[in-house]
């Protein structure tokens with residue numbers, strides 16, 4: 001005869017099952033239904049036998065107010081908002097994707113500087129975005145440093161994670177946009193002496209070295225530690241090459257402010273490194289088109305990343321055209337045999353190449369826009385930090401449009417670029433407000449909500465070791481007399497083993 005599960009227990013008072021209405025479907029735990037049980041009489045009032053939220057409960061698990069029974073976070077979309085996590089717990093999920101915010105903000109400052117028509121307050125507005133971007137960058141650096149300080153294991157996990165590792169270069173791209181903004185708004189200030197131009201020339205070459213190092217390093221790390229499948233490919237694979245793509249635009253705005261000899265060196269270096277970044281991106285373009293032909297469009301939540309495909313062409317256009325426009329003014333007399341002829345031919349070639357790539361950038365832009373039709377139609381919006389992909393790659397398209405308009409002296413294209421700029425500023429403001437709201441409603445900076453979440457067969461090994469250590473410590477200390485924590489940890493381990501049995505396949509990156 002089956003024993004009554006609610007019969008009197010020898011090690012504590014009788015257990016009374018809860019009323020069904022007290023536990024709605026929304027508040028049920030994720031890993032099973034473990035109703036709260038009264039603590040053992042011997043453990044009442046003993047602080048040493050109570051469970052500590054930070055020391056014994058794994059990440060993603062909460063507990064009751066009496067600090068006795070840990071409970072998993074609910075699996076529903078809204079249930080997690082009723083729970084509270086401390087600052088140290090939330091900062092653990094501050095991922096590298098937060099630097100996409102500074103990429104986008106610096107891009108807006110760059111677009112405002114590139115406007116073909118001057119108006120009252122343009123320089124001031126651009127400086128506001130520029131200085132605000134520096135403040136955001138410092139906040140991001142402090143926040144991610146605190147993450148690695150409070151949770152040292154997350155540093156290695158962020159490098160090995162199949163999705164988060166792709167966004168590590170975001171901090172370097174943000175630094176590149178800041179250098180571009182300093183060159184634009186700082187060197188034009190009459191109060192700044194020649195020392196600033198010389199400093200920016202040195203920092204340009206330092207950034208080139210960092211871009212090559214991180215681009216190669218991230219790709220080599222991913223290729224040696226991750227398993228990729230072409231069926232799950234997204235344009236985020238281009239992201240490690242992005243630090244190289246902002247070198248050309250930087251050279252285009254820095255060269256006119258330097259002496260001819262230094263300017264020529266900067267232009268030659270800009271063409272070389274911009275070519276590396278664009279060619280790597282072009283080869284990944286082929287994989288992206290193949291993925292679209294065989295697997296249809298990505299999921300709705302991942303489609304903002306499609307705009308990343310606009311960036312390589314856009315940055316290359318603005319860099320090549322601007323460098324070509326200034327090249328005839330800096331080439332020596334015998335450069336490539338005939339300096340004057342080489343300068344003019346290079347300028348014409350740069351204009352035609354820019355016009356050619358401008359069409360490619362517009363094509364990827366239109367494909368990305370129309371791919372969001374089903375998302376808008378069915379109102380399937382869920383915020384992620386990759387929403388800044390709506391902004392940063394399209395800032396490259398705006399500056400490319402202004403460069404093409406300057407090369408062709410086209411009034412209509414200038415107007416088109418200004419309209420795009422106004423729309424882009426509105427989009428940036430919308431995404432920024434949505435980001436603040438997402439932090440407040442716990443859609444980001446929360447377990448399993450951002451790019452550091454478990455995916456495929458990947459789960460942080462350090463996290464598993466911490467869970468096992470907490471379980472052993474709790475069992476040895478006698479703080480799990482009712483066995484609830486043991487059942488929770490057993491379910492977590494079982495779920496992890498089930499994931500490991502499946503082949504590790506590359507998930508669609510956000």
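Numbering (UniProt numbering), first residue to last: 1 to 510.
Glycine included, each C-beta is placed from N, C-alpha and C at the ideal position.
Note that the structure is predicted; figures quoted are calculated from it, not measured.
Item, Value
"Identify whether residue 376 lies in helix, strand or coil by the three-state DSSP scheme.", "helix"
"Starting from residue 390, trace the alpha helix (DSSP H) both ways and give me its first and last residue.", "Segment: none, residue 390 is in no alpha helix (DSSP H) and carries neither H nor E."
"When the Cα atoms are used, what is the spatial distance from residue 264 to residue 114?", "22 Å"
"Would you kindly work out how many angstroms separate the C-alpha atoms of residue 177 and residue 206, rounded to a whole number?", "14 Å"
"Assess contact between the stretch 328 to 340 and the stretch 385 to 397, defined as three or more Cβ pairs (one per stretch) separated by less than 8 Å. Is contact present?", "no"
"Does the stretch 311 to 319 come into contact with the stretch 237 to 247, if we say contact requires no fewer than three beta-carbon pairs (one atom in each stretch) closer than 8 Å?", "yes"
"Could you work out which residue in 112, 84 and 85 is closest to residue 424 when comparing CA atoms only?", "112"
"Taking DSSP as the reference, what is the three-state secondary structure of residue 157?", "helix"
"Taking one C-beta from the stretch 336 to 348 and one from the stretch 408 to 420 each time, how about it: are there three or more such pairs within less than 8 Å?", "no"
"Can you tell which of 98, 368 and 352 has the C-alpha that lies nearest to the C-alpha of residue 138?", "98"
"Taking Cβ to Cβ, would you say residue 310 is nearer than 9 Å to residue 397?", "yes"
"Can you tell me whether residue 170 is helix, strand or coil according to DSSP?", "helix"
"When DSSP labels each residue in this structure, what does residue 92 get in the three-state scheme?", "coil"
"Spatial neighbours of residue 171 within its chain, please: CB distance less than 6 Å, with the 5 preceding and 5 following residues excluded, ordered by chain position.", "99"
"So what's residue 133 in DSSP terms, helix, strand or just coil?", "helix"
"Between the beta-carbon of residue 238 and the beta-carbon of residue 312, is there less than 9 Å?", "yes"
"Would you tell me roughly how many angstroms separate the C-alpha atoms of residue 290 and residue 234, rounded to the nearest one?", "11 Å"
"Cutting at 7 Å between CB atoms, please list the residues of its own chain near residue 151, excluding the five before and the five after it.", "92"
"Measuring only the C-alpha atoms, how far is residue 156 from residue 141?", "17 Å"
"Could you spell out where the alpha helix (DSSP H) holding residue 285 opens and where it closes?", "260 to 295"
"Put residue 120 into one of helix, strand or coil per three-state DSSP.", "coil"
"Can you give me the start and stop residues for the alpha helix (DSSP H) that residue 231 sits inside?", "That residue, residue 231, is in no alpha helix (DSSP H); it is neither H nor E in DSSP."
"Identify, in the order they occur along the chain, each residue of the same chain with its Cβ nearer than 7 Å to the Cβ of residue 136, setting aside the five sequence neighbours on each side.", "101, 102 and 105"
"Would DSSP call residue 241 helix, strand or coil?", "helix"
"Tell me the rounded alpha-carbon separation between residue 276 and residue 87.", "41 Å"
"Taking the alpha-carbon positions, what's the residue 249 to residue 180 distance?", "8 Å"
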